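Below is one structure, written out as structure tokens, with a few remarks after it.
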Amino acid sequence: MFYYFVSTSPEGLKYYDIEEGKGPVATIGSTAQVHFDCRYRSITAISTRESMLLAGNRSIAQPYKFKVGSTPGKERKREFVDNPNGLFSAQAAPKPPPAMYYITEGMKVGGNRTVIVPPDAGYGQRGMNEIPPGATFELNRG
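This note's numbering numbers the first residue of the sequence shown as -7 and each following residue consecutively.
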């Protein structure tokens, strides 16, 4: 059994670092490019590792790029992806929870962190995919 040191962010989020990382530290205003998974009751509901494209018959893992501490959602845009097989497709990145924009601060490049996200820092009363309205879920950022 593994035991992790649980910390609390200035925003009140509970998190633990699975791996510290070895690169530079992410600060407010720096650009981060990360993979993330939102898990609810052991189901991966949202993930940059399982983004779907081309009518759902192919998947591509594309990290999400954003500015640490910025307003959530400003970076979401559709962009053309040049696939290795020569096909181009328009793809929108999965929507991360607002918690990701500030929980990344202080992490080192290459680090992995798990965060318990309450509804007010997650998808609120609307929910998202398999995450129901008002749900607390786990965010794996790495």
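No residue lacks a Cβ here, since even glycine has one placed at the ideal position from N, Cα and C. Computed from a predicted model, the values in this text were never measured in an experiment.
Would you call the CB atoms of A113 and P90 closer than 8 angstroms?
Position 121 of the sequence shown, counted from the first residue, corresponds to residue 113. Position 98 of the sequence shown, counted from the first residue, corresponds to residue 90. For A113 and P90, yes; Cβs fall inside 8 angstroms.
Among T19, P2 and S34, which one has its Cα closest to the Cα of K59?
Residue mapping note: residue 59 aligns to position 67 of the sequence shown, counting from 1. Cα-wise, what sits closest to K59 is T19.
Helix, strand or coil for Y115, going by three-state DSSP, please let me know.
Sequence index remark: in the sequence shown, residue 115 carries index 123 (1-based). Y115: coil per DSSP, three-state reduction.
Identify the continuous alpha helix (DSSP H) that holds I123 and give its terminal residues.
Within the sequence shown, the letter at position 131 stands for residue 123. That residue, I123, is in no alpha helix (DSSP H); it is neither H nor E in DSSP.
So, does the segment 123 to 134 touch the segment 24 to 35, judging by three or more C-beta pairs under 8 angstroms?
These segments touch.
Assuming G119 contacts P125 (C-beta within less than 8 angstroms), just tell me the rounded distance between them.
Taking the first residue of the sequence shown as 1, we reach residue 119 at position 127. Taking the first residue of the sequence shown as 1, we reach residue 125 at position 133. Sure, about 4 angstroms apart at Cβ, within 8 angstroms.
Go to I20, then tell me how far its beta strand (DSSP E) extends in each direction, as first and last residue.
For the purposes of this step, residue 20 is taken as residue 28 along the sequence shown, with counting starting at 1. Here I20 belongs to no beta strand (DSSP E), and DSSP marks it neither H nor E.
Would you mind stating whether G205 and K100 have Cβ atoms separated by less than 8 angstroms?
Residue coverage of the chain in this structure runs from -7 to 134, which leaves residue 205 outside it and unanswerable.
Based on Cα-Cα distance, which residue from Q54, S34, Y32 and I10 lies nearest to T40?
Start at 1 with the first residue of the sequence shown, and residue 40 comes out as number 48. If we check each option's Cα against that of T40, Q54 comes out closest.
Would Y32 and T106 qualify as a contact pair, given that the criterion is a beta-carbon distance under 8 angstroms?
Numbered from its first residue, the sequence shown carries residue 32 at position 40. Numbered from its first residue, the sequence shown carries residue 106 at position 114. No, the pair does not count as a contact, with Cβ atoms beyond the cut-off.
Give me the Cα-Cα distance between Y94 and G4, rounded to the nearest whole angstrom.
Locating residue 94 in the sequence shown gives position 102, where the first residue counts as 1. Locating residue 4 in the sequence shown gives position 12, where the first residue counts as 1. Looking at the two C-alpha atoms, the distance is approximately 11 angstroms.
For the putative contact between E42 and N104, defined by C-beta atoms under 8 angstroms, what is the C-beta separation to the nearest angstrom?
One-based indexing of the sequence shown puts residue 42 at position 50. One-based indexing of the sequence shown puts residue 104 at position 112. Wrong, their Cβ atoms sit about 17 angstroms apart, outside the cutoff.
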